[in-house]
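Q:
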Amino acid sequence: SSTSGWYFEFTQTTYGNGAMVSLLDTGFQASALSNQSAIGYSGTNSTAGISYANEGSIHNYGSTTSGLTSWTSSGDIISIAIKNNKIWFAKNGTWISGSPSAETSPSITLASTKYVTPAAGGINSSVISLNFGQRAFAYTAPSGFKALCDTNLGAPVVAKPNTLMDVALYTGNG
């Protein structure tokens with residue numbers, strides 16, 4: 008949404024090398040992902056979206072920014088704030104760059120609008136849990152940002168979906 012930002016958190020419950028939090032481009036077939044690289048990194052995955060890897064790099068549709076804050080401990084919390092084609096990442100409550108509330112110095116500014124969905128992955132026993140607001144956040148969402156949950160979404164276009172599509176039972180006759 009251009010008027011509201013969205014906020015959510017990933018918790019690295021169990022550290023494992025190669026963990027990443029991602030924003031998978033909804034136009035990319037998840038079944039086409041290569042398990043050989045991060046989302047947004049290289050090859051087939053370069054067009055798949057964006058990842059923030061726990062060794063401290065961000066992969067953004069084929070380009071990589073390295074040397075950023077790493078998150079290598081069980082219990083580390085990565086926050087993501089998205090607004091107006093800008094994306095901010097935080098580790099344990101500290102934004103890597105800029106301020107989502109002021110909309111300054113995002114980690115990523117997309118050249119065009121993308122539709123993405125949160126994802127997480129890793130190797131070597133990584134366990135990551137996601138929080139979209141179904142429970143209390145570990146950190147306060149920035150001013151102007153809402154939890155990414157259905158209670159914060161607008162009214163549906165179709166109030167009664169069964170008026171357009173419904174189940175029709177059929178018993179075959181051979």
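Here our numbering is used: the first residue of the sequence shown is 8, the next is one more, and so on. Every residue, glycine too, gets a C-beta built ideally from N, C-alpha and C. As the structure is a computational prediction, the values presented were derived from the model and not from experiment.
1. Please give me, in chain order, every unbroken run of the beta strand (DSSP E) with length at least 3 that falls completely inside the region 135-176.
2. Check whether the region 83-100 touches the region 38-48, taking contact to mean three or more Cβ pairs, one atom from each stretch, closer than 8 Å.
3. Can you tell me whether Ala143 is buried or exposed? The criterion is at least 16 other CB atoms within 10 Å of its CB, across all chains shown.
4. Counting only runs that start and end within the region 12-82, where is the beta strand (DSSP E) found for 3 or more residues in a row?
5. What's the call for Ala126, buried or exposed, on a 16-neighbour Cβ count within 10 Å?
6. Who are Gly128's beta bridge partners in DSSP?
7. Once DSSP output is grouped into helix, strand and coil, what is the label at Lys98?
8. Looking at the structure shown, is Thr120 part of a helix, part of a strand, or coil, going by DSSP?
A: With the given structure in hand:
1. 152-154
2. no
3. exposed
4. 12-21, 27-32, 56-60, 64-67, 70-72
5. With at least 16 other beta carbons inside 10 angstroms of its own, Ala126 counts as buried.
6. Met27
7. strand
8. coil
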